[in-house]
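Written out as structure tokens, the structure reads:
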């Protein structure tokens with residue numbers, strides 16, 4: 001988001017658990033303008049998030065885009081999911097650990113993410129042209 005110069009409002013940030021913190025944070029987030037038109041959350045939050053949105057008459061894909069991070073889940077409408085490759089994570093983690101145990105220097109490794117597109121999409125920001 002920073003690369004696209006998209007502003008993140010302070011009241012959009014929620015720390016969870018416990019579950020009450022999630023709902024309190026979502027209440028704050030949607031009570032003050034501007035409200036978010038997209039949410040990026042751990043997939044473990046998605047069932048609670050969907051319940052919150054339904055209770056507040058907001059539709060996923062129409063009012064708010066949802067991207068989950070983690071293990072894919074079965075929800076309707078289906079959210080987009082960002083996942084890491086568990087095999088690649090294990091391989092790189094093992095390599096880094098054995099290197100450190102042998103006296104090597106710490107290093108930072110960036111692994112590519114994979115996007116599993118969902119059955120819904122929120123609107124793109126108005127200042128950014130849609131991707132072709």
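Numbering (UniProt numbering), first residue to last: 1 to 132.
Here a beta-carbon is modelled for each residue, glycine too, at the ideal position from N, C-alpha and C.
Using only the alpha-carbon positions, how far apart do residue i and residue j sit?
| i | j | result |
| --- | --- | --- |
| residue 5 | residue 115 | 21 Å |
| residue 37 | residue 101 | 46 Å |
| residue 35 | residue 24 | 15 Å |
| residue 42 | residue 99 | 31 Å |
| residue 64 | residue 104 | 46 Å |
| residue 62 | residue 77 | 10 Å |
| residue 122 | residue 40 | A caution first: residue 122 carries a pLDDT of 49, below 50, which makes its placement in the model unreliable, though a value can still be read off. Cα to Cα, residue 122 sits roughly 12 Å from residue 40. |
| residue 89 | residue 113 | 11 Å |
| residue 108 | residue 94 | 14 Å |
| residue 47 | residue 96 | 35 Å |
| residue 129 | residue 51 | With a pLDDT of 38 at residue 129, under the threshold of 50, the predicted position of this residue should be treated as unreliable, and no value is reported. |
| residue 44 | residue 21 | 14 Å |
| residue 30 | residue 12 | 8 Å |
Under a Cβ-count criterion, where at least 16 other Cβ atoms within 10 Å of its own Cβ denotes burial, should residue i be classed as buried or exposed?
| i | result |
| --- | --- |
| residue 7 | exposed |
| residue 68 | buried |
| residue 118 | buried |
| residue 72 | exposed |
| residue 79 | buried |
| residue 60 | buried |
| residue 66 | buried |
| residue 111 | exposed |
Using DSSP bridges, identify the partner residues of residue i.
| i | result |
| --- | --- |
| residue 70 | Beta-bridge pairing links residue 70 to no other residue. |
| residue 38 | 65 |
| residue 82 | 69 and 115 |
Would you say the stretch 82-92 touches the stretch 54-62, given that touching needs at least three Cβ pairs under 8 Å? no
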